[in-house]
Amino acid sequence: MCSYSPSSEPLLPVREPTELQEFLESFYSEIDVSSGDVEYVEANGAALVDADSNELKAIGRVFGKKQPIKVGCVKSNMGSSEPASGVCGLTKVLTDTVKFNGGFAALNSFSFGGANVHVLLKGHFKEKDDARYKSSIPYLVLISGRHNDSMESLMETFTKKPVDPEQIGLLHSIHQYDITGHMSRAYSILDTNADNETVCLSQSIEYCPGTTRPLWFVYSGMGSQWATMGADLMRIPTFAAAIQKCHKVLDPRGIDIIRILTNPDKTIYDNILHSFVGIAAVQIGLTDILTEMGIVPDYIIGHSVGELGCAYADGCFTAEEMILSAYSRGLVSVQTNFIRGSMAAVGLGYKAILPLCPPGIEVACHNSSESATISGPSDIMTEFVAKLTAQGIFAKEVPCSNIAYHSRYIAEAGPGLLKYLSDVIKTPKLRSKKWVSTSNAVLFEETSKLIPTNALVIEIAPHGLLQAILKRSLSECLHVPLTRRRTSDPVTFLLEAVGKLYQAGLNPKVDILYPKIEYPVSTGTPFLSQYVRWEHSEDWAQAKHYNKDRRTTKIRDFVMSIHDDDYSYLKGHVRHGNCVFPEAAFLQLIWENLAMYQGVNYRDMSVVFRDVHFHREVIIKSDVPLRLRITINKGSNRFEVIFENTLRYNKIE
1 MCSYSPSSEP
11 LLPVREPTEL
21 QEFLESFYSE
31 IDVSSGDVEY
41 VEANGAALVD
51 ADSNELKAIG
61 RVFGKKQPIK
71 VGCVKSNMGS
81 SEPASGVCGL
91 TKVLTDTVKF
101 NGGFAALNSF
111 SFGGANVHVL
121 LKGHFKEKDD
131 ARYKSSIPYL
141 VLISGRHNDS
151 MESLMETFTK
161 KPVDPEQIGL
171 LHSIHQYDIT
181 GHMSRAYSIL
191 DTNADNETVC
201 LSQSIEYCPG
211 TTRPLWFVYS
221 GMGSQWATMG
231 ADLMRIPTFA
241 AAIQKCHKVL
251 DPRGIDIIRI
261 LTNPDKTIYD
271 NILHSFVGIA
281 AVQIGLTDIL
291 TEMGIVPDYI
301 IGHSVGELGC
311 AYADGCFTAE
321 EMILSAYSRG
331 LVSVQTNFIR
341 GSMAAVGLGY
351 KAILPLCPPG
361 IEVACHNSSE
371 SATISGPSDI
381 MTEFVAKLTA
391 QGIFAKEVPC
401 SNIAYHSRYI
411 AEAGPGLLKY
421 LSDVIKTPKL
431 RSKKWVSTSN
441 AVLFEETSKL
451 IPTNALVIEI
461 APHGLLQAIL
471 KRSLSECLHV
481 PLTRRRTSDP
491 VTFLLEAVGK
501 LYQAGLNPKV
511 DILYPKIEYP
521 VSTGTPFLSQ
531 YVRWEHSEDW
541 AQAKHYNKDR
551 RTTKIRDFVM
561 SIHDDDYSYL
571 KGHVRHGNCV
581 FPEAAFLQLI
591 WENLAMYQGV
601 NYRDMSVVFR
611 DVHFHREVII
621 KSDVPLRLRI
631 TINKGSNRFE
641 VIFENTLRYN
651 KIE
């Protein structure tokens, strides 16, 4: 609350106790809080006998009716910081502590111009209860800094303390954005063992140049499925919610997607329908995680059935449409009576393998210049694979449920699939420019050549099936798969992948992976300031702006214009409609002048001012430079500041 005390005095008006009392009582009456509930008052403390006496009388009458009131004042110790004096009182440093019961604290701040401000602060006391933030997955901590040494020290500190979800939440909050000058980025994955000790599951520090990489999503297809591929990831709330959404759609159709993703029986994917819906569900869950973290692609490509994932990431499909499209593809595959077919991966590119293929075999997928997938009748395929192997050419049949996909042998399934998809996709949407399609024949090799050499490529599938192909054909790109079949801990692998994305320059909002922190955090949560490390390995020369001739000068003429960049901020120092030169600035000028005589920087020299007299305000005019003459008598340490023949004087010790 603010009020105004008119005064005939241009400086430091003295408030009467009754006036202040009425002001404070009206404040507490308006907000319906008893002044007796206030435990502490931070006084204005102008260091003037009359002003301070009157303020204390008013405080006593308002707050000390029933019991003594604690009063303090930082301004009387540090001097008035003028417009910032209220902030100084709010953020004072305590050298000794006095018991505070958690009620209210009040703050007075009175201006030179007559403004009276009173603020009531309610104590923040929130009991710490880490159990309510208990996470089902380890904590991924992202940090950045100017030097690797500071981050190594910081990560070591984390392992020596219990995991604090609220403190980690604060770290998550500040690292959602770039921090200027921080060229090193690190991540640490922390968990708590059975002995309640903090353990580091993984950590890494990398240099981050700050350049923006184009971001490409790559959705893999058949062959990425494996037993229990979704079991561990169900511990992540966003992923679990996506799978539940898919389950709600598929359950009426007799498909239990949760069982498909969590069943350890390896034969569960012998049913091609299970493979299609399983891959699609995992891709929906992983895409939702990336989207909620604010990771949005610049471009998207898919391999084979991975095109369904592209449609979802591009916004052409809803999650329901994607999972039902996968279901439709699997359903028509089961219902159609195909010839017995087979597919195989070969270690030759499309151009090299095409002339070698028998008439009955087609090149189904152009994977890279050194890899292709062939498709055809199983008897011809088995014979051809054996022939290639005998010639020293890599060739291996891949699981496809005896269906020769991406060949003429499945053309009869087209009408049925079109009918199913027409029922699923009610409102077809055109794909955006982000989605670079590889459809018809799987032209993945040709499409992947559009990926620039500095791209960040994220593979989204139950397993990073295309990593070998991508790393060979796009060796200069940064490749980050989100999953891996043979890892012992899929969740930690995914968290490591997110950490690598952060090190590559992205700012993932990893707080979405954990229980939501309620701010302000609980009392007792460690501050982040303790983790700041200063780099002092290099000494820097301190500039001194005063030459020898000026140091010997007894009189200094000071000229300034409010239009100068150094002083333009003074436009905001206004009283009674006039721009006024701050009283504290006079003292700084004397301080600097005295330092000239001593040959030192004024910041390195302490001074005490006594008996300061300000005779009038100095108004800064926009069209006339301000001219002051400062004189210091070395013998008596008295000084004079002359402005338009008006003296301001006092003594320095």
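The sequence shown maps to residues 1 to 653 in full-length UniProt numbering. Glycine included, each C-beta is placed from N, C-alpha and C at the ideal position. These numbers come from a predicted model, not from an experiment.
Can you tell me where the beta strand (DSSP E) holding residue i begins and where it ends?
i              : result
threonine 198  : 198-207
glycine 86     : Looking at the DSSP string, glycine 86 is not in any beta strand (DSSP E); the run it does join, the alpha helix (DSSP H), is 85-90.
methionine 343 : 341-346
Identify, in the order they occur along the chain, each residue of the same chain with its Cβ nearer than 8 Å to the Cβ of residue i, setting aside the five sequence neighbours on each side.
i                 : result
phenylalanine 100 : Glu39, Tyr40, Gly123
valine 480        : Leu456, Val457, Ile458, Glu459, Ala497, Lys500, Leu501, Ala504
threonine 228     : Leu261, Thr262, Asn263, Pro264
leucine 273       : Ile255, Tyr327, Gly330, Leu331, Ser333, Val334
Just curious, the alpha helix (DSSP H) that residue i is in, first and last residue?
i              : result
arginine 135   : Residue identity differs from the one stated: residue 135 is serine in this sequence, not arginine. No alpha helix (DSSP H) holds serine 135; DSSP gives it neither H nor E.
leucine 465    : Run containing leucine 465: none; DSSP gives neither H nor E here.
leucine 286    : 272-292
proline 520    : No alpha helix (DSSP H) contains proline 520, which DSSP labels as neither H nor E.
isoleucine 361 : Note, isoleucine 361: premise wrong, no alpha helix (DSSP H); not H, not E.
valine 117     : From DSSP, valine 117 is part of no alpha helix (DSSP H) but of the beta strand (DSSP E) over 115-122.
Answer with buried or exposed for residue i, where buried requires no fewer than 16 other C-beta atoms within 10 angstroms of its C-beta.
i                 : result
residue 654       : No answer is possible for residue 654: the residues shown for the chain start at 1 and end at 653.
glutamine 203     : buried
aspartate 511     : buried
phenylalanine 639 : buried
lysine 245        : buried
glycine 221       : buried
histidine 563     : exposed
tryptophan 540    : exposed
valine 249        : buried
tryptophan 216    : buried
isoleucine 31     : exposed
glutamine 225     : buried
leucine 94        : exposed
serine 342        : buried
phenylalanine 239 : buried
lysine 548        : Low confidence applies to lysine 548: its pLDDT is 47, below 50, so where it sits in the model is not reliable enough to give any reading.
glutamate 321     : buried
serine 422        : exposed
glutamine 588     : exposed
asparagine 633    : exposed
tyrosine 602      : buried
aspartate 96      : exposed
Could you name the residues of the same chain whose beta carbon sits closer than 7 Å to that of residue i, not counting the 5 residues immediately before and after it, in chain order?
i             : result
glycine 89    : Glu42, Val74, Lys75, Leu107, Ser109
histidine 182 : Ser144, Gly145, Arg146
serine 568    : Ile562
aspartate 50  : Val14
leucine 465   : Ser220, Gly223, Ser224
Spatial neighbours of residue i within its chain, please: C-beta separation below 6 Å, excluding the five flanking residues on both sides.
i                 : result
cysteine 477      : Ala455, Val457
phenylalanine 643 : Val618, Leu628
threonine 631     : Ile555, Glu640
lysine 66         : Gly36
lysine 92         : Val74
Let me make sure I understand the geometry here. Which of the options has the alpha-carbon closest to that of residue i?
i                 : options                        : result
proline 428       : Ala345, Thr212, Ala311         : Ala311
valine 218        : Ile143, Arg259, Glu307         : Glu307
phenylalanine 125 : Ala541, Thr523, Met605, Ser622 : Thr523
glutamate 383     : Thr373, Ala413, Glu397         : Glu397
lysine 128        : Gln467, Thr238, Gln167, Ser135 : Gln167
leucine 450       : Tyr405, Met322, Tyr299         : Tyr299
alanine 241       : Glu152, Lys433, Leu286         : Leu286
proline 162       : Leu170, His172, Asn196         : Asn196
alanine 139       : Gly45, Asn193, Ala281          : At residue 139 the sequence reads tyrosine, which differs from the alanine that was named. Cα-wise, what sits closest to tyrosine 139 is Asn193.
leucine 56        : Asn77, Ser80, Glu19, Gly86     : Glu19
leucine 324       : Leu120, Lys419, Thr487, Ile361 : Lys419
serine 135        : Ile69, Pro165, Glu583          : Pro165
aspartate 489     : His573, Ile137, Val141, Tyr177 : Ile137
phenylalanine 614 : Ala345, Phe112, Pro359         : Phe112
arginine 533      : Lys65, Met155, Pro68, Val62    : Met155
isoleucine 284    : Asn271, Tyr269, Gly230, Arg253 : Gly230
serine 375        : Ile410, Lys387, Gln391, Phe394 : Ile410
valine 117        : Ser53, Gln21, Gln176           : Gln21
How about residue i: is its C-beta nearer than 8 Å to some C-beta of chain B?
i             : result
isoleucine 59 : The chain labelled as chain B is not found in the depicted structure, where only one protein chain is given.
Do three or more CB pairs link the region 139-148 to the region 182-189 at distances below 8 Å? Because the criterion of three Cβ pairs below 8 Å is met, the region 139-148 and the region 182-189 touch.
Is the region 314-332 touching the region 345-355, taking contact as three or more C-beta pairs under 8 Å? Result no; under three Cβ-Cβ pairs closer than 8 Å.
contact_flag[the region 231-248, the region 203-213] where n(CB pairs < 8 Å) is 3 or more: Touching, no, given that fewer than three Cβ pairs across the two stretches are closer than 8 Å.
Taking 8 Å as the cut-off, does the region 328-337 touch the region 360-372 (at least 3 CB pairs, one atom from each stretch)? With the cut-off at 8 Å, the region 360-372 and the region 328-337 do not touch.
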